[in-house]
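Using my numbering, the letters of the sequence shown map in sequence onto residues -3 to 206.
Ideal Cβ placement from N, Cα and C applies to all residues, glycine included.
Given the structure is predicted, the values throughout are model-derived calculations rather than measurements.
Below is one structure, written out as C-alpha coordinates, with a few remarks after it.
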Amino acid sequence: MKEPQWICITGTDGAGKSSLIELLLQDQTLFEGKKVKEVTIWDLFYLPKEEQYLSISSKQAVDLYLKSLSPQSRTFFLLHCFAQALEIARKEEIDIAFVNAYWYKYLATEVAYDGNLEHRLSLVASFPKPDFVFSLSVSVQTASQRKERYSAFESGFSEVVDTLSFASFQHKVQAAYQQIMSKVEHFSLDGELPLLDLKKQIMKTLKTKI
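Printed below as a string of C-alpha coordinates:
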(Lines of atoms letter the chains of each structure in order from A and count residues from 1; the text may use other names and numbers.)
(Lines give C-alpha, C1' and ligand atoms only; values in the text may rest on other atoms or scores of the structure.)
Protein backbone atom coordinates (compact mmCIF):
# COMPACT_ATOMS: atom_id res chain seq x y z
CA MET A 1 0.00 0.00 0.00
CA LYS A 2 1.31 3.42 -0.97
CA GLU A 3 2.68 5.55 1.86
CA PRO A 4 1.73 9.25 1.53
CA GLN A 5 4.18 12.01 2.23
CA TRP A 6 3.18 12.97 5.76
CA ILE A 7 3.36 16.70 6.51
CA CYS A 8 2.35 17.43 10.09
CA ILE A 9 1.02 20.79 11.22
CA THR A 10 0.87 20.56 14.98
CA GLY A 11 0.50 22.68 18.09
CA THR A 12 -1.69 22.88 21.16
CA ASP A 13 -5.36 23.93 21.17
CA GLY A 14 -5.97 27.28 19.48
CA ALA A 15 -2.59 27.33 17.70
CA GLY A 16 -4.21 27.76 14.28
CA LYS A 17 -3.54 24.31 12.82
CA SER A 18 -6.82 23.84 10.98
CA SER A 19 -6.88 27.37 9.56
CA LEU A 20 -3.31 27.03 8.29
CA ILE A 21 -3.96 23.65 6.67
CA GLU A 22 -7.07 25.05 4.99
CA LEU A 23 -4.95 27.85 3.54
CA LEU A 24 -2.21 25.46 2.40
CA LEU A 25 -4.70 23.22 0.62
CA GLN A 26 -5.82 26.16 -1.49
CA ASP A 27 -2.39 26.36 -3.15
CA GLN A 28 -2.78 24.73 -6.56
CA THR A 29 0.69 25.48 -7.93
CA LEU A 30 2.89 23.52 -5.54
CA PHE A 31 0.58 20.51 -5.40
CA GLU A 32 -0.39 20.41 -9.08
CA GLY A 33 -1.02 16.87 -10.24
CA LYS A 34 -0.85 15.47 -6.71
CA LYS A 35 -3.63 14.06 -4.57
CA VAL A 36 -3.61 16.10 -1.36
CA LYS A 37 -5.86 16.01 1.70
CA GLU A 38 -6.05 16.85 5.39
CA VAL A 39 -5.90 13.99 7.88
CA THR A 40 -7.62 14.49 11.23
CA ILE A 41 -8.20 12.30 14.25
CA TRP A 42 -11.93 12.00 13.50
CA ASP A 43 -11.71 10.88 9.85
CA LEU A 44 -13.09 7.40 10.52
CA PHE A 45 -16.37 8.97 11.62
CA TYR A 46 -16.81 10.80 8.31
CA LEU A 47 -16.40 7.95 5.84
CA PRO A 48 -19.10 7.35 3.21
CA LYS A 49 -22.20 5.84 4.79
CA GLU A 50 -21.61 2.39 3.31
CA GLU A 51 -18.11 2.27 4.86
CA GLN A 52 -19.02 3.73 8.23
CA TYR A 53 -19.48 1.33 11.13
CA LEU A 54 -19.14 3.88 13.91
CA SER A 55 -21.10 7.08 14.15
CA ILE A 56 -20.68 10.26 16.11
CA SER A 57 -23.62 12.55 16.72
CA SER A 58 -21.83 15.74 17.78
CA LYS A 59 -18.67 17.23 19.27
CA GLN A 60 -20.51 17.37 22.59
CA ALA A 61 -21.07 13.60 22.38
CA VAL A 62 -17.33 13.09 21.84
CA ASP A 63 -16.62 15.22 24.89
CA LEU A 64 -18.98 13.17 27.05
CA TYR A 65 -17.51 9.90 25.82
CA LEU A 66 -13.93 11.03 26.44
CA LYS A 67 -14.90 12.11 29.95
CA SER A 68 -16.36 8.67 30.68
CA LEU A 69 -13.08 6.89 29.89
CA SER A 70 -10.16 6.23 32.20
CA PRO A 71 -6.94 8.05 31.23
CA GLN A 72 -5.42 4.86 29.79
CA SER A 73 -8.56 3.90 27.87
CA ARG A 74 -8.88 7.43 26.53
CA THR A 75 -5.28 7.37 25.28
CA PHE A 76 -5.86 4.04 23.51
CA PHE A 77 -9.07 5.36 21.95
CA LEU A 78 -7.43 8.54 20.64
CA LEU A 79 -4.47 6.64 19.21
CA HIS A 80 -6.81 4.11 17.60
CA CYS A 81 -8.68 6.95 15.90
CA PHE A 82 -5.48 8.47 14.56
CA ALA A 83 -4.04 5.14 13.40
CA GLN A 84 -7.22 4.50 11.44
CA ALA A 85 -7.16 8.01 9.96
CA LEU A 86 -3.68 7.30 8.58
CA GLU A 87 -4.92 4.00 7.18
CA ILE A 88 -7.77 5.77 5.40
CA ALA A 89 -5.27 8.12 3.74
CA ARG A 90 -3.23 5.13 2.56
CA LYS A 91 -6.29 3.38 1.12
CA GLU A 92 -7.24 6.57 -0.72
CA GLU A 93 -3.73 6.59 -2.25
CA ILE A 94 -3.07 10.14 -1.13
CA ASP A 95 0.20 11.65 -2.37
CA ILE A 96 0.52 14.35 0.30
CA ALA A 97 -1.28 14.23 3.63
CA PHE A 98 -1.42 17.30 5.85
CA VAL A 99 -1.77 15.71 9.28
CA ASN A 100 -3.61 17.95 11.73
CA ALA A 101 -2.00 17.85 15.21
CA TYR A 102 -0.97 14.17 14.97
CA TRP A 103 -0.49 12.30 18.23
CA TYR A 104 1.71 15.06 19.65
CA LYS A 105 -1.16 17.29 20.74
CA TYR A 106 -3.40 14.53 22.04
CA LEU A 107 -0.69 12.86 24.09
CA ALA A 108 0.28 16.24 25.50
CA THR A 109 -3.30 16.67 26.69
CA GLU A 110 -3.31 13.23 28.30
CA VAL A 111 0.07 13.82 29.94
CA ALA A 112 -1.34 17.06 31.37
CA TYR A 113 -3.86 14.92 33.25
CA ASP A 114 -1.46 12.55 34.99
CA GLY A 115 2.13 13.36 34.00
CA ASN A 116 2.84 9.87 32.62
CA LEU A 117 4.85 10.81 29.51
CA GLU A 118 7.19 7.84 29.10
CA HIS A 119 4.41 5.25 29.13
CA ARG A 120 2.47 7.12 26.46
CA LEU A 121 5.52 7.60 24.26
CA SER A 122 5.97 3.83 24.28
CA LEU A 123 2.51 3.48 22.73
CA VAL A 124 3.37 5.47 19.59
CA ALA A 125 6.54 3.64 18.57
CA SER A 126 4.81 2.07 15.55
CA PHE A 127 3.31 5.32 14.26
CA PRO A 128 5.02 6.65 11.11
CA LYS A 129 7.51 9.46 11.48
CA PRO A 130 6.26 12.44 9.43
CA ASP A 131 8.41 13.71 6.56
CA PHE A 132 7.98 17.23 7.94
CA VAL A 133 6.72 18.51 11.28
CA PHE A 134 5.79 22.17 11.66
CA SER A 135 5.00 23.16 15.23
CA LEU A 136 2.95 26.29 15.92
CA SER A 137 3.44 28.01 19.26
CA VAL A 138 0.99 30.51 20.74
CA SER A 139 0.39 31.89 24.20
CA VAL A 140 -2.45 30.50 26.27
CA GLN A 141 -4.03 33.95 26.13
CA THR A 142 -4.03 33.93 22.33
CA ALA A 143 -5.43 30.41 22.25
CA SER A 144 -8.22 31.42 24.64
CA GLN A 145 -9.16 34.38 22.45
CA ARG A 146 -9.18 32.34 19.25
CA LYS A 147 -11.43 29.53 20.46
CA GLU A 148 -15.12 30.00 19.75
CA ARG A 149 -15.98 27.31 22.31
CA TYR A 150 -14.03 25.24 24.78
CA SER A 151 -14.40 21.49 25.05
CA ALA A 152 -14.33 19.78 28.42
CA PHE A 153 -11.44 17.61 27.20
CA GLU A 154 -9.19 20.60 26.51
CA SER A 155 -10.30 22.27 29.75
CA GLY A 156 -9.31 19.48 32.14
CA PHE A 157 -12.90 18.18 32.44
CA SER A 158 -13.62 21.02 34.83
CA GLU A 159 -17.12 21.19 36.30
CA VAL A 160 -17.40 24.64 34.74
CA VAL A 161 -15.97 24.87 31.22
CA ASP A 162 -15.03 28.47 30.57
CA THR A 163 -12.08 30.69 29.68
CA LEU A 164 -10.57 30.32 33.15
CA SER A 165 -10.67 26.51 33.22
CA PHE A 166 -9.41 26.31 29.63
CA ALA A 167 -6.48 28.64 30.30
CA SER A 168 -5.57 26.94 33.56
CA PHE A 169 -5.43 23.49 31.98
CA GLN A 170 -3.73 24.65 28.79
CA HIS A 171 -0.71 25.83 30.76
CA LYS A 172 -0.21 22.18 31.75
CA VAL A 173 -0.86 21.00 28.19
CA GLN A 174 1.69 23.40 26.75
CA ALA A 175 4.31 22.25 29.25
CA ALA A 176 3.69 18.60 28.31
CA TYR A 177 3.69 19.50 24.62
CA GLN A 178 7.12 21.11 24.91
CA GLN A 179 8.42 17.95 26.57
CA ILE A 180 7.14 15.87 23.67
CA MET A 181 8.39 18.18 20.94
CA SER A 182 11.87 18.23 22.49
CA LYS A 183 12.06 14.61 21.33
CA VAL A 184 10.71 15.29 17.83
CA GLU A 185 12.62 16.77 14.89
CA HIS A 186 10.54 19.75 13.77
CA PHE A 187 10.38 23.29 12.42
CA SER A 188 9.22 25.79 15.04
CA LEU A 189 6.81 28.49 13.86
CA ASP A 190 5.46 31.52 15.68
CA GLY A 191 1.73 30.86 15.65
CA GLU A 192 1.06 34.48 16.58
CA LEU A 193 2.05 35.55 13.04
CA PRO A 194 -0.56 36.08 10.29
CA LEU A 195 -1.56 32.88 8.49
CA LEU A 196 -0.19 34.09 5.15
CA ASP A 197 3.24 34.62 6.71
CA LEU A 198 3.16 31.12 8.17
CA LYS A 199 2.09 29.66 4.84
CA LYS A 200 5.04 31.36 3.10
CA GLN A 201 7.48 29.91 5.63
CA ILE A 202 6.11 26.40 5.15
CA MET A 203 5.97 26.63 1.37
CA LYS A 204 9.55 27.84 1.27
CA THR A 205 10.62 24.73 3.17
CA LEU A 206 8.50 22.36 1.08
CA LYS A 207 9.21 23.89 -2.33
CA THR A 208 12.24 21.75 -3.14
CA LYS A 209 11.08 18.70 -1.19
CA ILE A 210 7.77 17.63 -2.72
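Nearest-angstrom Cβ-Cβ length linking A104 and A11, presumed shorter than 8 Å: Residue 104 sits at position 108 when you count from the first residue of the sequence shown. Residue 11 sits at position 15 when you count from the first residue of the sequence shown. A104 to A11, Cβ: 11 Å. No contact.
Whole-angstrom distance between K203 and Y98, CA atom to CA atom: Your numbering for residue 98 matches position 102 in the sequence shown. Your numbering for residue 203 matches position 207 in the sequence shown. Whole-angstrom Cα-Cα distance: 22 Å.
Among P126, D110, F72 and V120, nearest to K168 - alpha-carbon criterion: In the sequence shown, residue 168 corresponds to position 172, counting from 1. The shortest Cα separation from K168 among P126, D110, F72 and V120 belongs to D110.
Sequence-distant residues of the same chain with beta carbon closer than 6 Å to C4, five excluded per side: What you label residue 4 is simply residue 8 of the sequence shown in a count that begins at 1. So the list reads V95, Y98, P126 and V129, once near-sequence residues are dropped.
Sequence-distant residues of its chain with Cβ nearer than 6 Å to S133 (five each side left out): Here residue 133 refers to the residue found at position 137 when the sequence shown is read from its first residue. Within the same chain, S133 has close Cβ partners G187.
L119 in three-state terms, based on DSSP: For this step, residue 119 is matched to residue 123 along the sequence shown. Note: L119 maps to coil in three-state DSSP.
Rounded straight-line distance, which links the Cα of V180 to that of I90: Your numbering for residue 90 matches position 94 in the sequence shown. Your numbering for residue 180 matches position 184 in the sequence shown. Each residue's alpha carbon lies about 24 Å from the other.
Segment limits, beta strand (DSSP E) that includes Q174: Residue numbering aside, residue 174 sits at position 178 when the sequence shown is read from its first letter. Careful: Q174 lies outside any beta strand (DSSP E), inside the alpha helix (DSSP H) at T159 to M177.
Same chain, Cβ closer than 6 Å to A85, neighbours up to 5 away in sequence not counted: Here residue 85 refers to the residue found at position 89 when the sequence shown is read from its first residue. The answer, listed in chain order, is P0, V35 and A93.
Local conformation of K33 per DSSP, three classes: Reading the sequence shown from its first residue, position 37 is the one you call residue 33. Looking at K33 - three-state DSSP - the assignment turns out to be strand.
For D186, the residue or residues it bridges with in DSSP: Taking the first residue of the sequence shown as position 1, residue 186 is located at position 190. S133, per the DSSP bridge assignment.
Proximal residues to F73 (C-beta, below 7 Å), its chain only, five neighbours per side dropped: On the sequence shown, position 77 is the one that residue 73 refers to. Cβ neighbours of F73 beyond the five flanking positions: L65.
Residue closest to S184, alpha-carbon to alpha-carbon, out of K(-2), T6, W2 and M(-3): The residue you call residue 184 lines up with position 188 of the sequence shown. Out of K(-2), T6, W2 and M(-3), T6 has the C-alpha closest to the C-alpha of S184.
A93 - containing beta strand (DSSP E), residue span: For the purposes of this step, residue 93 is taken as residue 97 along the sequence shown, with counting starting at 1. That run of the beta strand (DSSP E) goes I92 to N96.
Which of helix, strand or coil DSSP assigns to T6: As a position in the sequence shown, residue 6 is number 10, starting the count at 1. Strand at T6.
Exposure of T71, with buried meaning 16 or more beta-carbon neighbours within 10 Å: Sequence index remark: in the sequence shown, residue 71 carries index 75 (1-based). Classified as buried, T71 has 16 or more neighbouring CB atoms from the shown chains inside 10 Å of its CB.
Whole-Å CB distance - P124 paired with L192, under 8 Å assumed: As a working note, residue 124 is residue 128 in the sequence shown. As a working note, residue 192 is residue 196 in the sequence shown. With a Cβ gap of about 30 Å, P124 and L192 do not count as contacting.
Beta-carbon proximity of F295 to A108, cut-off 8 Å: Since the first residue shown for the chain is -3 and the last is 206, residue 295 is missing from the structure and cannot be characterised.
For L43, the nearest candidate out of K87, Q197, Y102 and E28 (CA to CA): Within the sequence shown, numbered from 1, the residue matching residue 43 stands at position 47. Of K87, Q197, Y102 and E28, the residue nearest in Cα terms is K87.
7 Å Cβ shell around S15 - same chain, five flanking residues per side excluded: By 1-based counting over the sequence shown, the position of residue 15 is 19. Result list for S15: L191, in chain order.
C-beta contact flag for E150 and D9 at 8 Å: Translated into positions along the sequence shown, residue 150 becomes position 154. Translated into positions along the sequence shown, residue 9 becomes position 13. Yes, they are a contact pair.
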